[in-house]
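All remarks here apply to the structure that follows.
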Amino acid sequence: ARTTDFHYAVVHCHPALPKPLLEYEYLVYEQHNMTETQPSSDATAVFQKLDDYDWDNDNEFQTALASILRSASTPEQTAHLTIRARCYYYTRKFKTPVNFEAYQTWLRSKQQAGSEPPSQSNMSSEATHPSAMGEAPPPASFAEICELIAAGKPIPGIKDIPDTILEGQGTQAQAPRRKKPWEKDATATPTPSWAAKN
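Just so we're aligned: 134 in the UniProt record's numbering is position 134 of the sequence shown, and the numbers increase by one with no gaps anywhere.
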């Protein structure tokens, strides 16, 4: 049987994967090899379901992902392994083969579409119905955020606040400064030593 990049990365690069993630490995591998490339519409539907899946609350996946990411040393590796683990886990859980390379391409095209300037109709609609959250777009998925960080791109919805100090915009004090108990008044007449109380 030919060894695919999908099979190699999930199994050989991470031999310490928990047993729950390995028990369906050969079944998934055979399905992956025998499945032809899905039609575009079908693949898009699968990718969207995979993207919408509640990964954060899937304890089995989070446990497995934590062990997988121990070998990751860069944000790029973290993002890459997270996406690959999602494809593998989704395939074995729902018995729906996911083409990893095609899914990556779909994610990139989705990000590019999201970064395009809004059309005139969308701009007028947003101006008429302002969002309660202001101009921040919907939060991206964990994998998308990892890819943005790895690529050094700004994350949507997070403001970039410059670390500068605004000079000359403070207000001047109106009342005179109160003296400290140990400060002497230069205009006060000194008390003679013979007049001081013992």
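Ideal placement from N, C-alpha and C gives every residue a C-beta, glycine not left out. Note that the coordinates shown come from a computational prediction; the quantities given were computed from them, not determined experimentally.
In or out: residue i buried (at least 16 other Cβ within 10 Å) or exposed?
i    : result
A175 : exposed
F94  : exposed
R108 : exposed
E183 : exposed
A113 : exposed
A64  : buried
Is residue j closer than 8 Å to residue i when the C-beta atoms are compared?
i    : j    : result
Y90  : T96  : yes
A102 : A143 : no
For residue i, collect the residues of the same chain with a Cβ closer than 6 Å to its Cβ; drop the 5 residues on either side in sequence, then sort them by chain order.
i    : result
R178 : none
E76  : A150
P154 : none
D52  : none
How close, in whole Å, do the beta carbons of residue i and residue j come, if the pair is a contact with beta carbons under 8 Å?
i   : j   : result
N99 : A43 : 7 Å
Can you give me the Cβ contacts of residue i inside the same chain, cut-off strictly under 8 Å, excluding the 5 residues immediately before and after it?
i   : result
L50 : R86, C87, Y90, V98, Y103
Just to confirm my understanding: we take residue i, look at its own chain, exclude 5 residues before and 5 after, and list those with CB closer than 7 Å. What are they?
i    : result
F61  : W55, Y89
F47  : Y103, W106
A72  : T78, L81
C146 : P75, T78, A79, T82
Is the CB of residue i under 8 Å away from at least one CB in chain D?
i   : result
L65 : In the structure shown, chain D does not exist; there is a single protein chain.
Which runs of the alpha helix (DSSP H) fall wholly inside the segment 32–100 and span at least 4 residues, in chain order? For the segment 32–100, whole alpha helix (DSSP H) runs of length 4 or above, ordered along the chain, are 40–52, 59–68, 75–94.
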